[in-house]
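> A single structure is presented below for examination.
Protein chains: 2
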Amino acid sequence: MEIVCRNTHFVLSGMDISQIINKYHVGKMRDNVLELNPCECIYLYMKGKIMPEPEMGLPQVISSVFTEDLYIYYVYSILKEKGLIVKRDGNKFFYKKTGGEYGIPVILIKEGDLIDFSSLYVDLPAIFITVDEEKSITYFRADFIDPEGNADSDISIGNPEKLNNIYYTTNSHPEWFGQEFMGVKILNQFEANYISGELKTDEDKLYRDLIKRHFIVKSGFKYGQNFRIYSDSMENHAEFLVSLMTSEKWYKISRAIRLSTSVRKKTLIAGFIGNDLKYIYIERLRDI
Amino acid sequence: MEIVCRNTHFVLSGMDISQIINKYHVGKMRDNVLELNPCECIYLYMKGKIMPEPEMGLPQVISSVFTEDLYIYYVYSILKEKGLIVKRDGNKFFYKKTGGEYGIPVILIKEGDLIDFSSLYVDLPAIFITVDEEKSITYFRADFIDPEGNADSDISIGNPEKLNNIYYTTNSHPEWFGQEFMGVKILNQFEANYISGELKTDEDKLYRDLIKRHFIVKSGFKYGQNFRIYSDSMENHAEFLVSLMTSEKWYKISRAIRLSTSVRKKTLIAGFIGNDLKYIYIERLRDI
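Taken in sequence, the protein lines are chains Y and F. Residues 1 to 288 in my numbering are what the first sequence lists, from first letter to last. Residues 1001 to 1288 in my numbering are what the second sequence lists, from first letter to last.
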């Protein structure tokens, strides 16, 4: 029985070939040769189930069969250690239990990777996995969401006036719109731009879109995000923290989600696909 | 007695002029006229101590005397409400207690402001104040720091080898450098670039600088930062989280500091002033 990976030959050590196939679900049999892909090969080698022939050390084995990022192998081995059957396509992994179905992909993102919204969006739903240098693992599950609130966001203001750079009104509906200040309502920049119809920034467009989706929209500064939104009334805690994303290092996205989680709020990431605002719901998972 | 602010005239209401000056430390007497600056004027008006003449409403008063961002006034009033004597220069405020000395400035930064490292650096030491739309206040104190550790960071590795894109060594000093993997030490990208002397990114330069400052330098991903550093040994908790900053929206910086605080670590912000790496120590204050 021959075992081959990228022209490097291996021999069995301990188990016979059918035990390996039944236990690890790896390789392809072809003309009485078990062909392993690089992840499978390193995994079995690390487990002591196969040995290279002629004999060589780990660095030589890795060098012979593995030309990619070592984190690819880490993720593979993490999934295999859970007893799963694992298929891989680049940095995407699909897994299932014996007799089960493949589910959403597990996608490796590295901490310093620069991610743009659309590249995150096209892969949904997905679980994003990051392994730091000490092999400590962080999982995020992300999916499409089309958020809808049912707050009163039918905004009308009477006699809006602008004095210097301050927009105010003496009469606004609903209650939550504007900030009471000595008998008048002062509008913040997003509210003022909404009323004037001058959507100067993408954040202004996000603000308008959230209003249109019937949310109460307030500043998210204290939580390091653009907005916090309430789907019903401000008497309940804010349901989501929302931030606009264009392109961002992955560790900063991770930071935002971690902080949301620590204050028990859900995280929405908003972004533009062409001219359309889209939303991603993302949460940290303890495990998969 | 005349009271004037920007050609708008006011009359006293309740207190006499010496009571106002003694209690609030505002205005400049000139030729029997008390000249108020716009913040002082709005403040006394809001307190009901002066009334415009001829009579007008709040919006008209604001319009007559205040041409700046209303948050400037909020900050002024916050400091005045603490019983402090307040001087202002643009978005910078200096305060003292009666008989005391002016200290470091309190600087207004708005949540959406785009801040670059050098503009933060030139103002140090300072307290940065942010007021959100509900007038909830966040203070950060920031100062220069020249961080020095005393860990063993005299790195030497024997026989460094590169296989494909994996850098490894069979023999490295100190212990914490590299990640043990089946009898060899695998180097991460920063470690590998450090050894090879190829400093490809500013993060590589930051890594090298922290090593030179005798810190143990490890990934900060789990905390949403570039690095976590230990000044002595990894048996103690990481002392600082360090991130490189070029230009960033203020709410994202706030997010980083909040997250560091929640895991009881100190935050260092690193950045380049010309070719020199400089560090800022920044922490959240409950109050000032």
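Just so it is clear, CB atoms sit at the ideal spot from N, CA and C, and this is done for glycine as well. What you are looking at is a predicted structure, and each value in this text was computed from that prediction instead of being measured.
1. Against chain F, with Cβ distances strictly below 8 Å, would R6 (chain Y) count as a contact?
2. Does L259 (chain Y) come within less than 8 Å of chain F when only Cβ atoms are used?
3. Report yes or no: do the stretch 1178 to 1187 of chain F and the stretch 1220 to 1231 of chain F share at least 3 C-beta pairs separated by less than 8 Å?
4. Measure the Cβ-Cβ separation of L1012 (chain F) and I1062 (chain F) and say whether it is below 8 Å.
5. Kindly indicate which residue of F:E1101, F:K1266, F:K1110, F:G1178 has the alpha-carbon position closest to the one of I1072 (chain F).
6. Interface residues of chain Y around N1188 (chain F) at Cβ under 8 Å?
7. Taking the C-alpha atoms as reference points, what is the distance between K1023 (chain F) and V1004 (chain F)?
8. Given a cut-off of 8 Å on the beta-carbon distance, is the pair S247 (chain Y) and L114 (chain Y) in contact?
9. Check the Cβ-Cβ distances between T130 (chain Y) and every residue of chain F, and say whether any is below 8 Å.
10. Which value, in whole angstroms, describes the spacing of the CA atoms of I1020 (chain F) and G1027 (chain F)?
11. Have a look at V1122 (chain F) and F1272 (chain F) and give me their C-alpha separation to the nearest angstrom.
12. In terms of residue numbering, what span does the alpha helix (DSSP H) encompassing I20 (chain Y) cover?
13. Below 8 Å on C-beta distance, what does Y251 (chain Y) contact in chain F?
14. Compare the C-alpha of L1277 (chain F) against each of F:G1197, F:E1239, F:S1118 and name the closest.
15. What are the boundary residues of the alpha helix (DSSP H) that includes V1263 (chain F)?
16. When you compare the CB positions of S260 (chain Y) and T138 (chain Y), do they come within less than 8 Å of one another, or not?
17. For the stretch 34 to 51 of chain Y, enumerate the residues whose C-beta is nearer than 7 Å to any C-beta of chain F, in chain order.
18. Identify the residues that DSSP records as bridge partners of M29 (chain Y): which are they?
19. Could one say the Cβ of S262 (chain Y) lies closer than 8 Å to chain F's Cβ atoms, at least one of them?
20. Along the stretch 95 to 120 of chain Y, where does the CB come closer than 8 Å to a CB of chain F? Name the residues.
21. Can a CB atom of chain Y be found closer than 8 Å to the CB of S980 (chain F)?
22. For P59 (chain Y), would you say it is in contact with chain F, using Cβ-to-Cβ distances shorter than 8 Å as the test?
23. Short of 7 Å Cβ to Cβ, which residues in the stretch 1059 to 1082 of chain F face chain Y?
24. Just to confirm the assignment: which complete beta strand (DSSP E) runs, minimum length 3, are found wholly within the stretch 174 to 260 of chain Y?
25. Closer than 6 Å by C-beta to A192 (chain Y): which residues in its own chain qualify, once you throw out the five before and the five after it? Chain order, please.
26. Given that V1242 (chain F) touches chain Y, what residues does it touch there, using C-beta distances under 8 Å?
27. With 8 Å as the threshold, decide whether the Cβ of G90 (chain Y) is near any Cβ in chain F.
28. One question on the structure: do W1240 (chain F) and L1268 (chain F) come within less than 8 Å of each other, judged by their Cβ atoms?
29. Check whether the Cβ atoms of L1210 (chain F) and I1229 (chain F) sit closer than 8 Å, and answer yes or no.
30. Excluding the 5 residues preceding and the 5 following P1105 (chain F) in the sequence, name in chain order all residues of the same chain whose CB lies nearer than 6 Å to its CB.
31. Would you give the residue range spanned by the alpha helix (DSSP H) that I1078 (chain F) belongs to?
32. Rounded to the nearest angstrom, what separates N236 (chain Y) and S1136 (chain F) at their Cα positions?
33. Quick one: what's got a C-beta closer than 8 Å to G1014 (chain F)'s C-beta in the same chain, skipping five residues either side?
34. Return the CA-CA distance between I155 (chain Y) and K1080 (chain F), expressed in angstroms with no decimal places.
35. Would you mind sorting N1226 (chain F) into buried or exposed? The rule is 16 or more other CB atoms within 10 Å of its CB.
36. Taking I1062 (chain F) as part of the beta strand (DSSP E), name the residues at either end of that continuous run.
Taking the coordinates as given:
1. no
2. yes
3. no
4. no
5. F:K1110
6. E133
7. 18 Å
8. yes
9. yes
10. 9 Å
11. 12 Å
12. 17 to 24
13. G1220, F1221, G1224, Q1225, N1226
14. F:S1118
15. That residue, V1263 (chain F), is in no alpha helix (DSSP H); it is neither H nor E in DSSP.
16. no
17. M46
18. Y:L34
19. yes
20. E111, G112
21. Any answer about residue 980 (chain F) is impossible in this case: the structure gives chain F only from 1001 up to 1288.
22. yes
23. P1059, I1062, S1063, F1066, T1067, D1069, L1070
24. 179 to 181, 184 to 187, 216 to 219, 227 to 230, 240 to 244, 247 to 249
25. Y167
26. Going along chain Y, no residue has its Cβ under 8 Å from V1242 (chain F), so there is no contact; the nearest lies around 12 Å.
27. no
28. In the sequence under discussion, the amino acid at residue 1240 (chain F) is Phe, which differs from the Trp named in the question. Yes, these two residues count as a Cβ contact at 8 Å.
29. yes
30. K1092, F1094, A1126
31. 1070 to 1081
32. 18 Å
33. G1048, K1049
34. 35 Å
35. buried
36. It is not in any beta strand (DSSP E) - I1062 (chain F) instead sits in the alpha helix (DSSP H) that spans 1058 to 1065.
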